[in-house]
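Using my numbering, read the sequence shown as starting at 8 and increasing by one per residue. A virtual CB, placed ideally from N, CA and C, is assigned to each residue, including glycine. It should be emphasised that the depicted structure is a prediction, and the values quoted were computed from it without experimental measurement. See structure below.
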Amino acid sequence: MVIFDSSIYVDDFRTGRFSEQMAEIGDLVRTSSVVLAELWRGATSTAEREFLIWLAGHNPVLTPTENNWIESGQILQRVQQDHGFEAKKLRDLHFDALIALTARTAGARLITSNRADFELIREYREFKLEVW
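Written out as structure tokens, the structure reads:
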């Protein structure tokens with residue numbers, strides 16, 4: 008099972024950069040509700056909105072559990088303690104932590120092009136990560 012991070016969809020939608028790799032995925036594709044929220048937040052064109060409707064309708068959507076939410080806060084507290092990040096950076100990392108923890112709970116591999124943030128999160132909680 009695989010979950011694509013927002014960065015993969017955004018890069019692919021803008022440039023087609025990952026189209027071939029995504030088409031060749033042999034795993035079951037699931038969509039994170041957090042990824043959908045991030046993508047909807049930035050959707051500016053009719054084509055983007057139509058794609059998001061298609062995405063939600065063609066891949067089962069996985070949503071963070073109550074435990075994922077609590078654990079994400081605990082991870083971010085440790086990240087802040089260890090790295091001294093400002094509140095804005097922690098807010099940016101929060102959605103990534105939720106995506107990672109949802110993938111972990113589902114036993115899915117998370118595919119992203121956002122190496123730095125997800126590798127940071129993985130220092131605090133192991134999950135399957137692939138960077139394109």
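Secondary structure, alpha helix (DSSP H): runs of 4+ residues fully inside the stretch 65-135: Within the stretch 65-135, the complete alpha helix (DSSP H) segments of 4 residues or longer fall at 73-90, 94-113, 122-129, listed in chain order.
Secondary structure of residue 37, DSSP reduced to three states: strand
Beta-carbon spacing of residue 118, residue 137 below 8 Å: yes
Straight-line gap, residue 100 to residue 93 (C-alpha atoms, nearest Å): 11 Å
8 Å contact criterion, which residue 131 and residue 85 should meet: CB distance rounded: 6 Å
Contacts around residue 46, its chain only, beta-carbon distance under 7 Å, and the 5 residues preceding and following it disregarded: Excluding residues within five positions, the ones whose Cβ falls inside 7 Å are 13, 16, 59.
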